[in-house]
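Numbering (UniProt numbering), first residue to last: 1 to 751.
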């Protein structure tokens, strides 16, 4: 091939543009670093505020530079050739050239929408759509789709490649989720760009890309509603810490960082629960009725003394009567305030009453109406120092912390039963007996929503942090004015930094902490949007916990009802949403499985049907993988050896086909055998080891090249949803190993 011919190949043509885009990226990155160096050399305007503003500007340019670092990989991935002869290159972020003309279009911009939405039936003005594959900064291939053949011939456009999506699906797993920005499909793009009003449900079976879609939707909302969400933040709730580690690289690769990611077990600041109760106990704790039970339990904390008490206050004695305590309790409860907050008015009321009684009894006043305010303050101080008085007031209304009180409930069956009766007896005697636990046992994930509920009922110091946030918001106007002055003084504006950007980072030195850090530490923080993955497993109490953190009810709820744990599957998402159902707005169903081989999808759905829980949302797989399903029957004494041999064969295949050490394998075992197999029930090993031993719950949300399902019948006994999960984790092949009979639905595929 001649040099002139080589220069006109599609790969060479796109390489020229990719080189230009990376050159501009390097130039901008260099500018941001130079700006930061200039700021570091600037000593501010001579006061504390000036130093703070200088630090805020330095932080801002550091963040801009970091954002460009994060989009280094596959910066450019698409091109649109339009009917009007315009050409648009699509990438991870928008770039302008040296003359401020568009060079690269952000994938979230409206002009990029046809890249994902155009079809031959509705080309949306697109003649040719091109996918550009790169490794590092080198174009490796291009894949074309002609959407308007006549116009393509008129413009002299040709077709290259075989399909970017199928190429991406066939690659080996790396142990981390990658973004799908270059291969978003039409049905997925409609979800990503949907309105953020109310709760949007994304129902998707295994391999439909629902998690990736939800993360790209978060990135899209951060792009389109930057100002609002940069202040309030986006919260992502995942089923496990392992899952959050699995997806942690997706948003930064799309140019977004600072999103808060946590599990329900970490949602209350200062607490962290990693292990959960058995499914039946977790279901009891998650019932909506527990909101009533906890309310009644808190009302049981204050108690009347069984007799009048004579208290020693300095060198005097005063009587605290039962009636005094009863009246103070009634007044405090009528305030409607949380327990610990109402206790303050209860204690102050009793102290004032006792001080007045001491003054009148000493003859220093004829009645409480004649008491001198200074005398009242003096005697209230004496009462505060009195051991007798403090003990009597505390015993009548104890200050209470939520974690300690919940532990007390679990270890005191009599107290829990009393609260249950006052709440209308929603729990049976059998339910109550299952909840007993020693007071020193660790908290579980199912406990955390109950503690959050108790924090609302008891009241915490978080109220002070909420008041501080409101005070900071009131100072915004002054901060904006100071920010404008700082930009003028330093000469660093130039359209790159605005007063609003600077203001958000200079509202007092503490606010220079990243939003994610501040939000995690503040239980009263409310988010602008919440993304919830594997939402089918959330309990009503967990939903109450999340609703408190999103008053706008702007949520993206992702899950699959067919993967619900246990034996009680909801029939609809409105039922699954529990207390959040009122905010339900729209449901999108992703019905195409891009990950799971067609045969494995059919097996999983057949098993569900054979065991009385036919899938609510049937799906179709797009990939055919030959010989992707095998079965081995063995004996209990040879089970481990059999599994070991299968895993070795899988490793050899991956080494041969994907490269030495590449790819991931998972052995999924029944919950009851987790210790026998040294299974990682949290799933943490799945990210760092080539071969992982997990339970079905630990594998949820993850994917592997090859999977071994051990004793599928025992997994089915845990609930059909667990076996459905186990059968759909593989992207290439699955091997079932059993010492008993296979579950119905798996046998007919056993060849």
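Glycine included, every Cβ here is placed at the ideal spot set by N, Cα and C.
When Cβ pairs closer than 8 angstroms are counted between the two stretches, the stretch 406 to 421 is seen not to touch the stretch 264 to 275, the count staying below three. The three-state secondary structure of residue 687, taken from DSSP, is helix. Contact check between the stretch 618 to 632 and the stretch 224 to 244: fewer than three CB pairs, one atom from each, fall below 8 angstroms, which does not count as touching. Under the 10 Å beta carbon count, residue 138 is surrounded by fewer than 16 other beta carbons and is classified as exposed. Straight-line spacing of the CA atoms in residue 589 and residue 715 works out to 27 angstroms. Within the same chain, Cβ atoms closer than 8 angstroms to the Cβ of residue 539 are found at 282, 283, 285, 286, 287, 446, 449 and 578, the five residues on either side in sequence being excluded. Here the stretch 295 to 314 makes no contact with the stretch 548 to 559; the two share fewer than three CB pairs at distances below 8 angstroms. Classified as exposed, residue 315 has fewer than 16 neighbouring CB atoms from the shown chains inside 10 Å of its CB. Note that the stretch 69 to 82 touches the stretch 126 to 144; at least 3 beta-carbon pairs, one per stretch, sit closer than 8 angstroms. Listed in chain order, the alpha helix (DSSP H) elements of length 4 or more contained wholly in the stretch 656 to 714 are 696 to 699. For the pair residue 192 and residue 730, the Cα-to-Cα distance works out to about 26 angstroms. Look at residue 129 here: in three-state DSSP terms it is strand. Under the three-state reduction of DSSP, residue 66 is assigned to helix. Per DSSP, the unbroken beta strand (DSSP E) holding residue 203 starts and ends at 199 to 204. Excluding sequence positions up to five before and after residue 717, its CB lies within less than 8 angstroms of the CB of 670, all in the same chain and listed in chain order. Residue environment analysis places residue 571 among the exposed positions, since fewer than 16 neighbouring C-beta atoms fall within 10 angstroms of its C-beta.
Ranked by how close their Cα comes to the Cα of residue 615, the residues 650, 28 and 569 have 569 in first place. Residue 262 sits in a strand when the DSSP states are folded into three classes. Listed in chain order, the alpha helix (DSSP H) runs fully inside the stretch 533 to 618 are 540 to 548, 573 to 576 and 598 to 610, counting runs of at least 4 residues. For the pair residue 431 and residue 544, the CB atoms are not nearer than the 9 angstroms cut-off. In the structure shown, the three-state DSSP call for residue 246 is helix. DSSP places residue 327 within a helical segment (H, G or I) once states are collapsed to three. With 16 or more neighbouring CB atoms inside 10 Å of its own CB, residue 594 falls in the buried class. In this structure, the CA atom of residue 360 is about 25 angstroms from the CA atom of residue 304. C-alpha of residue 325 to C-alpha of residue 222: approximately 54 angstroms in a straight line. The DSSP-derived three-state label of residue 736 is strand.
The beta carbons of residue 591 and residue 629 sit no closer together than 9 angstroms. C-alpha of residue 396 to C-alpha of residue 390: approximately 10 angstroms in a straight line.
Taking residue 606 as the centre and dropping the five residues before and after it, the same chain places the C-beta of 745 closer than 7 angstroms to its C-beta, in chain order. Of the candidates 294, 90, 273 and 699, 294 places its Cα closest to the Cα of residue 426. Taking residue 353 as the centre and dropping the five residues before and after it, the same chain places the C-beta of 324 and 328 closer than 8 angstroms to its C-beta, in chain order. Residue 633 is bridged by DSSP to 738. In this structure, residue 393 places its C-beta atom within 9 angstroms of the C-beta atom of residue 347.
When rounded, the separation of the alpha-carbon atoms in residue 455 and residue 331 is 22 angstroms. Distance between residue 118 and residue 111, taken at the CA atoms: about 12 angstroms.
Just so you know, the alpha carbons of residue 608 and residue 25 end up roughly 51 angstroms apart.
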